[in-house]
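Chemist:
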Amino acid sequence: GYVQEHKSLAKAFNQYWEDKIGPYNPLDGTGMESYKNNIPNAAHVCIKVPTAGGKTFIAVNALHTIFSAYDSAKPKAVIWLVPWSNLLQQTVNTLSNPEHPYRQKLNSLFNNRVEIYQKADLLQGSNFNPTVVKDQLSIFVMNFSSLRANNKEDRKVFQENGQLEAFVSQYKNSEHILSGVDDTALINVLRYLNPVLVVDESHN
Numbered sequence: 008g009y010v011q012e013h014k015s016l017a018k019a020f021n022q023y024w025e026d027k028i029g030p031y032n033p034l035d036g037t038g039m040e041s042y043k044n045n046i047p048n049a050a051h052v053c054i055k056v057p058t059a060g061g062k063t064f065i066a067v068n069a070l071h072t073i074f075s076a077y078d079s080a081k082p083k084a085v086i087w088l089v090p091w092s093n094l095l096q097q098t099v100n101t102l103s104n105p106e107h108p109y110r111q112k113l114n115s116l117f118n119n120r121v122e123i124y125q126k127a128d129l130l131q132g133s134n135f136n137p138t139v140v141k142d143q144l145s146i147f148v149m150n151f152s153s154l155r156a157n158n159k160e161d162r163k164v165f166q167e168n169g170q171l172e173a174f175v176s177q178y179k180n181s182e183h184i185l186s187g188v189d190d191t192a193l194i195n196v197l198r199y200l201n202p203v204l205v206v207d208e209s210h211n
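Each residue of the sequence shown is one higher than the one before, counting from 8 in the working numbering.
(1) Since I28 contacts W87 with CB under 8 Å, what's their CB separation in whole angstroms?
(2) Are K163 and M149 touching if we call contact CB-CB under 8 Å?
(3) Rounded to whole angstroms, what is the Cα-Cα separation between D26 and N114?
(4) How big is the Cα-Cα spacing for Y199 and S152?
(5) What number of angstroms, rounded off, separates the C-alpha of T98 from the C-alpha of N32?
(6) Could you check how far apart the C-beta atoms of I73 and V206 are, in whole angstroms? I think they sit under 8 Å.
(7) Nearest by alpha-carbon distance to K43: which of K179, T37, V52 is it?
(8) Just the C-alpha distance for Q170 and K83, rounded to the nearest angstrom, thanks.
(9) Return helix, strand or coil for V85, following the three-state DSSP convention.
(10) Please give me, in chain order, every unbroken run of the beta strand (DSSP E) with length at least 3 that falls completely inside the region 75-136.
(11) May I have the straight-line CA-CA distance separating V140 from Y124, to the nearest angstrom?
(12) Beta-carbon within less than 7 Å of R120's beta-carbon, same chain only, minus the 5 sequence neighbours each way: which residues are those?
(13) Please work out which residues of its chain come closer than 7 Å, Cβ to Cβ, to A17, disregarding the five sequence neighbours upstream and downstream, and give them in chain order.
(14) With L171 as the anchor, note down where its beta strand (DSSP E) starts and where it stops.
(15) Compute the distance between the beta-carbons of V85 and L95, then report whether it is under 8 Å.
(16) Per DSSP, what kind of secondary structure is N48 in: helix, strand or coil?
(17) DSSP has M149 in a bridge; who is on the other side?
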């Protein structure tokens, strides 16, 4: 109700907390500090969820809300970043398993048109092309390190890749192309797709 009433996230946030716990007083720390608009035009909201409280389930549901507000002609792409390799495989398994509640929810929200990819799938162009991504939700599960170029394996993301040539004809302009990086490099394809970013365990 507050957001609809005030038409501003900052005003809604400030009024909500003032109504709940009174005005903010920096001298004694009572009340809630004012909304911080750190990134223009991006909601700055934190929801604290305890361990095993359903953070991944919240993220899965949020994707539908986010993409419902998008231009439906644009590909629905998500980069799901995880800090450790064991968590990567666990995430791939839970999002891929049709018996798991996460995948069942994704299938329900996106009409069973969901594909989960790992970095190797993307580099090989395995069921990954402009036609496929246009008609589905594509989730790319990757390590934090995958988008850095610190070692030979990670540098593949920045290298010319003939498997991804089909995407180049889809580029409307070159704004997303990194300087000195081939148009067909996976990093440029990902930038073209303008994915939603889910950062799992971001405090790590």
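Every residue, glycine too, gets a C-beta built ideally from N, C-alpha and C.
Modeler: Inspection of the coordinates gives the following:
(1) As a first step, residue 28 must be located in the sequence shown, where it is residue number 21. As a first step, residue 87 must be located in the sequence shown, where it is residue number 80. I28 to W87, Cβ: 35 Å. No contact.
(2) Along the sequence shown, one-based indexing puts residue 163 at 156. Along the sequence shown, one-based indexing puts residue 149 at 142. Against a cut-off of 8 Å, the Cβ pair of M149 and K163 comes out as no contact.
(3) One-based indexing of the sequence shown puts residue 26 at position 19. One-based indexing of the sequence shown puts residue 114 at position 107. So the alpha carbons of these two residues sit roughly 39 Å apart.
(4) Within the sequence shown, residue 199 is the residue found at index 192, counting from 1. Within the sequence shown, residue 152 is the residue found at index 145, counting from 1. Their Cα atoms are separated by approximately 20 Å.
(5) Working through the sequence shown from its first residue, we reach residue 98 at position 91. Working through the sequence shown from its first residue, we reach residue 32 at position 25. Going by the C-alpha atoms only, they are around 43 Å apart.
(6) Working through the sequence shown from its first residue, we reach residue 73 at position 66. Working through the sequence shown from its first residue, we reach residue 206 at position 199. Not really, about 14 Å apart at Cβ, beyond 8 Å.
(7) Taking the first residue of the sequence shown as position 1, residue 43 is located at position 36. It is V52 whose Cα lies nearest to the Cα of K43.
(8) Along the sequence shown, one-based indexing puts residue 170 at 163. Along the sequence shown, one-based indexing puts residue 83 at 76. Between Q170 and K83, the C-alpha separation is close to 21 Å.
(9) On the sequence shown, position 78 is the one that residue 85 refers to. Note: V85 maps to strand in three-state DSSP.
(10) 83-89, 121-125
(11) As a working note, residue 140 is residue 133 in the sequence shown. As a working note, residue 124 is residue 117 in the sequence shown. About 11 Å.
(12) As a position in the sequence shown, residue 120 is number 113, starting the count at 1. These residues qualify, in order along the chain: D142, Q143, L144.
(13) In the sequence shown, counting from the first residue as 1, residue 17 sits at position 10. Taken in chain order, the residues that qualify are Y42, N44.
(14) Walking along the sequence shown from the start, residue 171 turns up at place 164. Unbroken run through L171: none, as it is neither H nor E.
(15) Here residue 85 corresponds to residue number 78 of the sequence shown, with the count starting at 1. Here residue 95 corresponds to residue number 88 of the sequence shown, with the count starting at 1. Not a contact, by the Cβ cut-off of 8 Å.
(16) Residue mapping note: residue 48 aligns to position 41 of the sequence shown, counting from 1. Note: N48 maps to coil in three-state DSSP.
(17) Here residue 149 is taken as the residue at index 142 of the sequence shown, counted from 1. M149 is bridged to L88.
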